[in-house]
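S.K.: According to the numbering used here, the sequence shown is numbered sequentially starting from 117. Where is the CB? At the ideal position from N, CA and C, for every residue including glycine. My structure is below; once you've seen it, I'll send some questions.
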Amino acid sequence: FNGGLVQAARNKAAEACKSVVERWKQGKKASKPTFTSPHVVYDHRTATFHDDYVSLATTDGRIEADYVLPDEDSDTPHSEYLFSDK
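Here it is as structure tokens:
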């Protein structure tokens, strides 16, 4: 595993446990934390952004993914932002 991904998972679990303990301290019931949707938190160690692609750490090593950008004439907030002069 990539060390950055392991640390992110550890931090997510620790925050969930802290939340349970805080509820207990307030006299409230709290059950075991559950995680219903798998997701990854990327940071500067696990994602590297380049001009045309991004390199992402995964459990099987790094992958490279090209950006999918809107056409300049498409009427979307993404294209308006991307092609604006501001």
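Rounding to the nearest angstrom, what Cα-Cα distance links Leu121 and Asp167 in this structure?
M.R.: Start at 1 with the first residue of the sequence shown, and residue 121 comes out as number 5. Start at 1 with the first residue of the sequence shown, and residue 167 comes out as number 51. One C-alpha to the other measures close to 23 angstroms.
S.K.: How is Tyr158 classed by DSSP in three states: helix, strand or coil?
M.R.: Taking the first residue of the sequence shown as 1, we reach residue 158 at position 42. Residue state, collapsed to three classes: coil.
S.K.: Taking the continuous alpha helix (DSSP H) assigned at Glu188, which residues delimit it?
M.R.: Locating residue 188 in the sequence shown gives position 72, where the first residue counts as 1. Note, Glu188: premise wrong, no alpha helix (DSSP H); not H, not E.
S.K.: Would you give the residue range spanned by the beta strand (DSSP E) that Ser171 belongs to?
M.R.: Position 55 of the sequence shown, counted from the first residue, corresponds to residue 171. Start and end: Tyr169 to Thr174.
S.K.: Using a Cβ-Cβ cut-off of 8 angstroms (strictly less than) and excluding sequence neighbours within five positions of Ala187, which residues of its own chain qualify?
M.R.: Start at 1 with the first residue of the sequence shown, and residue 187 comes out as number 71. Looking at the sequence shown, residue 187 is not Ala but Asp. Only Ser195 meet the Cβ criterion.
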